[in-house]
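Engineer: Residue numbers are given in my numbering: position 37 of the sequence shown equals residue 50, and the series is strictly consecutive. Quick reminder that beta carbons are idealized off the backbone N, C-alpha and C, glycines included. My structure is below; once you've seen it, I'll send some questions.
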Amino acid sequence: KPSLQAAGWDVPGQTEMLADLTDVKQVGMLMAAEHTRLDAPLRVLLVTTHLALRDVPGAVTASRLVDQIGLLDRALREDWRIDEPRIGACALNPHASDGGLFGDEEARVFEPALTELRDRGVDVAGPLPADTVFAKALAGSFDAVVAPYHDVGMAAFKTVSFGSGVNVTLGLPFVRTSPDHGTAFDIAGSGRADPSSMLEALALALRLAENRFDTPHAHV
14 KPSLQAAGWD VPGQTEMLAD LTDVKQVGML MAAEHTRLDA PLRVLLVTTH LALRDVPGAV
74 TASRLVDQIG LLDRALREDW RIDEPRIGAC ALNPHASDGG LFGDEEARVF EPALTELRDR
134 GVDVAGPLPA DTVFAKALAG SFDAVVAPYH DVGMAAFKTV SFGSGVNVTL GLPFVRTSPD
194 HGTAFDIAGS GRADPSSMLE ALALALRLAE NRFDTPHAHV
């Protein structure tokens, strides 16, 4: 990210840079691990990404939820070939606000957005508390989870997938994946870098491209 900004890109990350380069208005950041430490897949879409925590509530709007979950539903159908994707929406507040005791975003923002999505045919449950929705996904109840902000999604994701996680950009006209970790320039050339996440990213890119474009690629 500092390298992008040093090169003149006024964007928080490569996801936004690729959106600018392809003139795409809506992109999504999906973390995908087809193999986790619990022998179950976990896919987590981040509704907001690199944003200060104090700015998150204002950024999680009903329209953004509709756009992001719509992108996710389409990707699961077209790129993962899941005919009827099941999505769990993680709440913003503890205990999904517990009926309004801990904030009103669940009733004011999430419920209208999820109702609109269901009317469009999207199978989305929630808003569900963060302390249960990821466990439900790993138990097979959901094909993906929607996390309202970076750390609530990434903490759960990396706990079970470190080394096997892949960053997938949704909404682009091409398949784009990358490892789920940073550049680690400090260990470059030392022989200590772990290529596992890069190998997973390449394998998933081949699979998604084959599914999206109906083109036979080498399976790895």
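1) Could you tell me whether the Cβ atoms of Glu119 and Ala104 are closer together than 9 Å?
2) Could you tell me which residues DSSP puts in a beta bridge with Pro192?
3) Looking at Val158: is its Cβ nearer than 9 Å to the Cβ of Phe175?
4) How many Å lie between Asp52 and Leu66 at the Cα?
5) Could you tell me the alpha carbon to alpha carbon distance between Gly116 and Asn224, rounded to whole angstroms?
6) Anyone know if the C-beta pair for Val40 and Ile100 falls short of 9 Å?
7) Are there 16 or more other CB atoms within 10 angstroms of the CB of Ser16, so buried, or fewer, so exposed?
8) Note down, one range per segment and in chain order, each beta strand (DSSP E) of at least 3 residues found wholly within the region 37-101.
9) Evaluate the contact criterion for the region 190-203 versus the region 57-66: three or more CB pairs, one atom per stretch, below 8 Å.
10) Taking all protein chains shown into account, do 16 or more other C-beta atoms lie within 10 angstroms of the C-beta of Ala20, making it buried, or fewer, making it exposed?
11) Met76: buried (16+ other C-beta within 10 angstroms of its C-beta) or exposed?
12) Ala138 bridges to which residues according to DSSP?
Structural biologist: On the basis of the supplied data:
1) yes
2) Val179
3) no
4) 31 Å
5) 41 Å
6) no
7) exposed
8) 41-46, 55-59
9) no
10) exposed
11) For the sequence presented, residue 76 should be read as Ser rather than Met. The residue in question, Ser76, is exposed, as its Cβ has fewer than 16 Cβ neighbours within 10 Å.
12) Gly101
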